[in-house]
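Same order as they appear, the protein sequences are chains D and P. Using full-length UniProt numbering, the final residue of the first sequence is 697, and nothing's skipped along the way. Using full-length UniProt numbering, the final residue of the second sequence is 697, and nothing's skipped along the way. Quick reminder that beta carbons are idealized off the backbone N, C-alpha and C, glycines included.
Number of protein chains: 2
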Amino acid sequence: MLDFIFKPESIAVVGASEEEKKIGHVILKNLLTQGYAGKLFPINPKRKEILGLKCYPSVSAVGEKIDLAVIVVPAKVVPSVIKDCGEAGVKGVVVITAGFKETGEEGAKLEREILDLIKKYGIRMIGPNCLGVINTELGMNATFAPELPPKGRVSFFSQSGALGVALIDWAIGSGFGFGKFVSFGNKADLNETDFLEYFGEDEDTDIILGYIEDVKDGKRFIEVAKRVAKKKPVILIKSGATEAGARAASSHTGALAGSDRAFTEAFRKAGVIRVEGIKELFEVAEVFKSGKFPSGEKLLIVTNAGGPGIIAADTAEKNGLKLYPMSKESIEYLAEKLPPTAALYNPVDVIGDATSERYAVVLERAMVDPNVDGVCVILTPQAVTDVENVAKIMLEKSKETEKPFVGCFIGGPKVREATSYLKTNNIACYEDPLIAINAYSKLVHYVKYKHREEDEYIKFPISEEVKKEIGLMLEALRDAGVSVIGEENAMKILSLYGIEFPKRGLARTADEAVRIAEQIGYPVVMKISSPHIIHKTDVGGVKIGLKDEKEVREAFLEMTINVKRAMPGAYIKGVNIYEMVTGGKEVILGVSYDNTFGHMIMFGLGGVYVEVLKDVSFRLTPVGKREAYEMIEEIKGKKLLEGVRGEKPCDKDAIVDKILRLSQLVEEFPIIKEIDINPYLVKEVGGVALDARIIIG
Amino acid sequence: MLDFIFKPESIAVVGASEEEKKIGHVILKNLLTQGYAGKLFPINPKRKEILGLKCYPSVSAVGEKIDLAVIVVPAKVVPSVIKDCGEAGVKGVVVITAGFKETGEEGAKLEREILDLIKKYGIRMIGPNCLGVINTELGMNATFAPELPPKGRVSFFSQSGALGVALIDWAIGSGFGFGKFVSFGNKADLNETDFLEYFGEDEDTDIILGYIEDVKDGKRFIEVAKRVAKKKPVILIKSGATEAGARAASSHTGALAGSDRAFTEAFRKAGVIRVEGIKELFEVAEVFKSGKFPSGEKLLIVTNAGGPGIIAADTAEKNGLKLYPMSKESIEYLAEKLPPTAALYNPVDVIGDATSERYAVVLERAMVDPNVDGVCVILTPQAVTDVENVAKIMLEKSKETEKPFVGCFIGGPKVREATSYLKTNNIACYEDPLIAINAYSKLVHYVKYKHREEDEYIKFPISEEVKKEIGLMLEALRDAGVSVIGEENAMKILSLYGIEFPKRGLARTADEAVRIAEQIGYPVVMKISSPHIIHKTDVGGVKIGLKDEKEVREAFLEMTINVKRAMPGAYIKGVNIYEMVTGGKEVILGVSYDNTFGHMIMFGLGGVYVEVLKDVSFRLTPVGKREAYEMIEEIKGKKLLEGVRGEKPCDKDAIVDKILRLSQLVEEFPIIKEIDINPYLVKEVGGVALDARIIIG
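This is how it looks when you write it as structure tokens:
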């Protein structure tokens, strides 16, 4: 718990100053004058008193318990200040000072130094290079932003301090209330996940917002976010390309994963709501303030203007919401109570001359109607519209139901008061039906996550012996400097984890080739086996459909001669003889690796579908059973697996099985960074992999 | 020219009233008190005087020239009022009154009646069932909205009156200036295209906005919009599913066209900027106010906060803008003038402690730098930021360059004044980098349209004789009640327009089959020919790869027996013998028909690509040469046509040729409503269609 940072009983401002323009002055003044009631200790060896407070030469000189030290001294002095804090038993520090990692190697060294120090003393640190911390509930403004935002139950963490300053100003202007606010700068110690966890447990926070550019510990982030998002909505902006994305991928799967994909998948796995824009962040936050969650996707739209109703309906449909008409009884009731020109279906149009009574009629029915999970109330201020009454009725009715209502009051001065009345009472109200419905649909999607059952994680029984065998192989290969593991070894490893390959055998002589082919059964495929040859086809090293002894014998000779001629230096182990597999549908199964979040399993249709159309889906490991099925459902070409043009459907269960086995493999052998199984032929029952490679690193 | 409506020298208010709550009172008062300086004539037989103006019993009783009559009498009385107006020589009427087509058959009858009357008298009409007309320049508020919006050079037409009322209120609240404003209700006479045309020629209008739910005359709309959009931006919301979309399609192409596709294509063809939301409509309008157009896609972002800069860069990339670094000289200049921690590339980060001087340094270089076509200036209000000065510098520099600048000032009270200063001076300024860049990218896309050369329309020489032949065929088929024209006739018609089909001949006997096969050359394909059999394969009516006389003879007998057994009643014309075509890439070429905009040509990859992935592109006819090439570029699988996995590229010119020929065919024979050519095999050079059907109606 980070209460000593967000609810400190005492704060030292190290580098407090009398000069009004200095940050050390601004912060002390902010703490002193904006409501913070705890003890305040200015630290500055050159002063006796600042802003009427007794000033101390050092933190340890204070001689009282200090929860939090806000440090604004020059970068080079910071290590000695932290030592001082450590000696004085300070629990948390906020290092506002810049000039660390963000400035280059020297700064990075200094940052490592202070990190070592806080670890040594058991101090937790925010920053360096940050804006600071705010807790509006305590009137605590430990930042250099000049004013506190209004109070509220939305907490915010930001990787950008400058954005923080702007958003506090915005919040003041628009009356948006914040609870806690933190800008964490270089996040040398405490990072996004720590604040997510703390806000998740914080009783004064209902909604968590954040702006991040990267994530420090991906696995922990997902684990924490998953847990927190079950309790309260987590809405994040993630901007910028990641380092992981910039890294060159050696596999097909890796190349397809791209830079942003892992974040998308991490947020999906964790139930985090991702938004793109700053306005959107707050628009979406509004819709969660009522604390009411629709039990399904059925939205009723009521409006006094046709046009905006249509825009809302269009948007709802695009976002996967359902616009059902109300039940027969409700429609009969409306028919009785509303004028004949009213539209009774969904959107319900109460017509431009509607007063609040008509809205009331609709809301009353909506509250009890089984075809309505939530209501969007659209209003345009016509001559007779009693705007404030509509707002009042919305609030009244809202109190009697668990169904969420959102408003969309379009206009200017005439709707201003009602809009702000609704917002103050935690009913979201927007100016644009598109924005209203987009926000509402985030609410619906979040509810799905909130009520989603934990996925089923399957553990295939792999013996310790097998694991040992694979471990030894991988180590040996790595020690030999191999990073790309070709077909044969890859097949061996994957087979041990239950991925099926065709029957096969390595022949060193033509006689042996015939013997193996006869064991397997004709026809067979023959491929040259050499660690030095990657593109076997190019050197005449592949022959397919060999039907009898004669053809196999000839192929063996021709192939070895061809290859020796084409690549004289290549070491040739022999020729692999494979069962010739036909039929089935080509799919690709793969693994990529993201530096932040770890392994992702990829699935897609093979051949041109993956190469040209890039029709693939990803999930971060460990992949659960539901996720594996989702991966199949997500690809655009999924109907091809279900059988088109008279084909039989493919065995989806077999694909799921393979996805889960790959997930287990890379979780148990993280040295494996990427895998391509391309193609995997999936059949009516089961399937078989035709080629594979593994990248280790 | 509709000056008599938008700039009338005299207005009669028919149905003027003394009762304050009546619309006839509100409108007269609006005209009298909000600045309109023309002559005003209240018409009401029961009064001598209203609001101090002399009142007349009828329009003809006035005895003076009247440009415009605003009619608010009950629906049933409207026809007699229009007659009166006609007799009095009134040029334009605005029928505010509701109770016409929107209420059912009786109202529709009444609407037809008034339409006949205005035609008879040569009157032009807005409405019925509308809000009315505004011209802020004249202080003319001929609506029942209580106040005029601020003056401006943006004009607006709306199919929704209620939305109009709301937007006027919004404009008042936010200071957004309008020039002319019209709500056209049922658009019995004047519709969107008339206002588009008028605003296009109006010297007081720089930007045209509109809200429409449908379009009355699609072809004219495109023709007018195309012309107007070359002169000034046209930004529209189109909401709602169209009647055309609801109509069941008989062809594959028709089914893929969907309801909204034709609008998307019409807007594209005409250079209309389509937006989805109400806020977006005005956000995008802002960016056009400067009247400056970037000469390309190269955007420079300058910011004093990293985070918002990244959001802007992400959004720019998504929207196809180019973020190049400035030239070497500029970067050297910046390196000299900006602090070492500043980021000199794009986004240029002048850092949180920047004052307006640093912004000035960057803008000065941006103005002359060839790698910059426009600039987005992002600002967050940090302690030292002199926000107003940044705005002033933007305006100053902006005056010296043709490159557009947009602002993104994030915050609340601290940026309010500067934002409004910029807006007042026609420099767009937003609160959110995402919104700023989205709007800016619309500007860039518009410029492309503005500078786009007219497409090349090719007219293939089709002889009058051929046209006559096709015309006779189509008429005969239509008269026979045929709507779906099957393979043989379809081939005949399409061949005449230059679509290639395999060599073929109809055989009535086995001997004839052999003779035709030998003329064509083996191998051949054989298909039963019967108007009653649609799914030939199902009844054993198709055989492929027949290699010699024996196989052809046997196939003929087997096929005819099979088919007679399966469908005893079917009339069998014989068996078609086709050249067996192999190789090439399957594509689909099609035509669909939209009730509003007419024919659309479709192109896509054939087989599962169209069936499962729906990877197709559309263009409205007449299709130009550039558009035809765009259709190929647009599909996701276009690389498959360019040759993957060692294949040779397909003949794109051949596809383009076929698209243009189909376009010409349906333009010349509009009785053709839909066509499917599926598959068309496109080869390295040329191509050939294997199957086709035509729908007429």
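Shown in chain order are the members of the region 401-422 of chain D whose Cβ falls below 8 Å from a Cβ of chain P: I410, G411, G412, P413, K414, V415 and R416. Listed along chain P, the residues sitting closer than 9 Å to A383 of chain D by beta-carbon distance are K21, I23, V26, F144, A145, P146 and V165. Minimum Cα-Cα distance from Y571 of chain P among the listed residues P:L115, P:L256 and P:H532 corresponds to P:H532. Counting C-beta pairs with one atom in each stretch, the region 269-278 of chain D and the region 386-396 of chain D have fewer than three that are closer than 8 Å, which means they do not touch. When C-beta distances to chain P are compared with 9 Å, the residues of the region 635-655 of chain D below that value are K636, G637, K638, K639, L640, V644 and R645, in chain order.
Chain D has no Cβ within less than 8 Å of the Cβ of P568 of chain P. With the criterion set as a beta carbon lying under 8 Å from some beta carbon of chain D, the members of the region 272-291 of chain P are E276, G277, I278, K279 and E280, in sequence order. In terms of Cα proximity to G107 of chain D, the closest of D:P79, D:I208, D:V93 and D:S529 is D:P79. L557 of chain D counts as exposed, since fewer than 16 other beta carbons sit within 10 angstroms of its beta carbon.
The continuous stretches of beta strand (DSSP E) do not include Y457 of chain P, and DSSP gives it neither H nor E. The beta carbon of E431 of chain D sits closer than 8 Å to some beta carbon of chain P. Where M140 of chain D is concerned, the enclosing beta strand (DSSP E) starts and stops at M140 to T143.
With contact defined as three or more Cβ pairs closer than 8 Å, the region 169-177 of chain D and the region 195-202 of chain D are not in contact. The three-state secondary structure of L321 of chain D, taken from DSSP, is coil. Minimum Cα-Cα distance from N346 of chain P among the listed residues P:T355, P:E317, P:A354 and P:E336 corresponds to P:E317. Shown here, L190 of chain D sits in coil according to DSSP, grouped into three states, outside any helix or strand. Following the DSSP letters along the chain, one finds G574 of chain P inside the beta strand (DSSP E) bounded by residues G574 to E579. Only exposed fits L472 of chain P, as fewer than 16 other CB atoms lie within 10 angstroms of its CB. In the DSSP assignment, no residue is bridged to C55 of chain D.
Boundaries of the alpha helix (DSSP H) harbouring T560 of chain D: E549 to A566, taken from the DSSP string.
Within the same chain, Cβ atoms closer than 7 Å to the Cβ of T380 of chain P are found at N304, A305, P308, I410 and G411, the five residues on either side in sequence being excluded.
Residues of the region 301-312 of chain D that bring their beta carbon within less than 8 Å of a beta carbon in chain P comprise N304, A305, G306, G307, P308, I310 and I311, in sequence order.
In this structure, A313 of chain P places its C-beta atom within 8 Å of the C-beta atom of L323 of chain P.
Residues of the region 58-81 of chain D with a Cβ closer than 7 Å to any Cβ of chain P: none.
Against chain D, the beta carbon of Y211 of chain P has neighbours under 7 Å at G307, listed in chain order. Beta-bridge annotation (DSSP): C429 of chain D is paired with D:G407. Under the three-state reduction of DSSP, T33 of chain P is assigned to helix. Chain P has no Cβ within less than 8 Å of the Cβ of T355 of chain D. Within the same chain, R365 and D369 come within 7 Å of S330 of chain P by CB-CB distance, once the 5 residues on both sides are set aside. Apart from sequence neighbours up to five positions away, the residues of its chain that approach Y421 of chain D with a beta-carbon distance below 6 Å are A391, ordered along the chain. By the C-beta criterion, the region 109-124 of chain P is judged not to be in contact with the region 136-150 of chain P, since fewer than 3 inter-stretch pairs fall below 8 Å. Taking the beta carbon of Q664 of chain P as reference, no residue of chain D falls within 9 Å; the closest one sits roughly 31 Å away.
DSSP places K279 of chain P in no beta strand (DSSP E) but in the uninterrupted alpha helix (DSSP H) bounded by I278 to F288. Annotation: D373 of chain D to E297 of chain D spans about 7 Å, alpha carbon to alpha carbon. Look at the region 334-388 of chain P and you find these whole runs of alpha helix (DSSP H), each 4 residues long or longer: 356-368.
The beta carbon of N562 of chain P sits closer than 8 Å to the beta carbons of V539, G540 and G541 from its chain, once the five residues preceding and following it are set aside; these are given in chain order.
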